[in-house]
Amino acid sequence: MSETIYIYPSKTKLAFSILGAMAFVLIGVVIITDSLNKNDMEKVMIGVGGSAFFALCSIMGFIKLLQRNRPILEINAQGIIDHSNTWGLIQWQDIAFISTIAIQRQKFICIDVYDESIFLARTSGIKRKLILLNKKWGFPLITFNVAAGNHSTEQIMTEMKTRLNHFRETRLNKAQKQLSYFKKKKK
423 MSETIYIYPS KTKLAFSILG AMAFVLIGVV IITDSLNKND MEKVMIGVGG
473 SAFFALCSIM GFIKLLQRNR PILEINAQGI IDHSNTWGLI QWQDIAFIST
523 IAIQRQKFIC IDVYDESIFL ARTSGIKRKL ILLNKKWGFP LITFNVAAGN
573 HSTEQIMTEM KTRLNHFRET RLNKAQKQLS YFKKKKK
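Reading the sequence shown from the start, the letters are residues 423 to 609 in the numbering used here.
See below:
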C-alpha cells in the first residue's frame with residue numbers, strides 16, 4: 423500500500439479539446455468576416471467574444487499539454503493529493519466516505535470529509551461560493567472529475583476505497599493492540 427499512484431491528464435482527450443476549441447475560433451472568425459460584410463455589428467461582437475473565449479481555451483489547453491508531466495491526482499499512503507484544484511492533501515483520516523455520482527454521463531468521485539471547515543479554509547472568494555452552492559444542491563464538498571485522466575473512474579475509485587479501508591483497518595488494529603496492552607498492564 424505504500425506505492426504512489428499518479429493520475430495524469432490524457433494527452434489524447436486534451437488534444438481533442440484543443441482541436442475543438444480551435445474549430446470554434448475559426449467559426450467565430452467566419453461569423454466576424456460574414457457580419458462585417460453585412461455591417462451587422464451585433465454578430466461581429468458575438469464572433470469576437472466567441473473567438474476570444476475559445477482562443478483562450480486553446481492556449482490554456484496548450485499550456486496543460488506542455489505541463490503533461492504534472493499529475494492531476496496522486497494517491498499515496500498519506501491520502502489523496504489534488505494537484506488540479508485547491509484541496510492539496512486530503513488525508514485518509516479526514517475522509518468519512520468516498521462515492522461516485524454521474525451527471526449527464528460524466529462520472530465524478532465525491533469525498534465526504536469529517537470537518538469541512540478545514541477544507542473550506544483552503545479556498546477563497548468565488549471558488550468558495552461556488553463550492554457552497556454545490557453543497558446546497560446536495561453535492562459533497564470535494565468532487566473530482568477524472569474523466570480526462572489516464573485511469574478509469576472505476577480504477578481510481580477502487581484504489582481510493584482500498585487504501586481508505588486499509589488505513590482504517592491498520593488504525594483499528596493499532597487501537598486494539600493498545601487496548602489489550604493496557605488491559606494486561608492493569609491486571
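Using N, Cα and C, we set each Cβ at its ideal position, and we do this for glycine too.
Test item: CB-CB of residue i and residue j under 8 Å
i      : j      : result
Ile533 : Ile512 : yes
Thr522 : Ile531 : yes
Gly501 : Trp514 : yes
Ser480 : Gly469 : no
Glu538 : Leu555 : no
Lys433 : Leu487 : yes
Gly483 : Ile525 : no
Ile454 : Val466 : yes
CB-CB length for residue i against residue j, believed under 8 Å
i      : j      : result
Pro493 : Ile429 : 6 Å
Lys583 : Ile503 : Actually they are not in contact, since the Cβ atoms of Lys583 and Ile503 sit about 17 Å apart, beyond 8 Å.
CA nearest to the CA of residue i, picked from the options
i      : options                        : result
Ala518 : Ser432, Leu488, Arg585         : Arg585
Asn507 : Leu601, Thr565, Asp516         : Thr565
Glu576 : Gln528, Trp559, Leu542         : Gln528
Thr592 : Thr580, Ala499, Glu464, Val568 : Ala499
Val568 : His505, Gly547, Leu542         : His505
Ile427 : Gly442, Trp559, Thr580, Asn459 : Thr580
Pro431 : Lys558, Phe541, His573         : His573
Phe561 : Val535, Ile548, Ile540, Ala543 : Val535
Arg675 : Asn491, Met463, Asp516         : In the structure displayed, the chain extends from 423 to 609; residue 675 sits before or after that span and is not available.
Leu478 : Gly442, Glu425, Ser602         : Gly442
Residue interval of the beta strand (DSSP E) (run including residue i)
i      : result
Ile497 : 495 to 497
Asp534 : 528 to 535
Asp516 : Note, Asp516: premise wrong, no beta strand (DSSP E); not H, not E.
Thr508 : Thr508 -> no beta strand (DSSP E), and no H or E assigned at all.
Tyr428 : 427 to 429
Phe566 : 564 to 566
Where the alpha helix (DSSP H) containing residue i begins and where it ends
i      : result
Ala443 : 433 to 459
Phe484 : 463 to 488
Phe541 : 538 to 542
Leu552 : 547 to 558
Test: residue i CB closer than 8 Å to a CB of chain C
i      : result
Ala518 : Any reference to chain C falls outside this structure, which holds one protein chain only.
Pair every Cβ in the region 440 to 455 with every Cβ in the region 469 to 481, then say whether three or more of these pairs are closer than 8 Å. The answer is yes - the region 469 to 481 touches the region 440 to 455, with three or more Cβ pairs under 8 Å.
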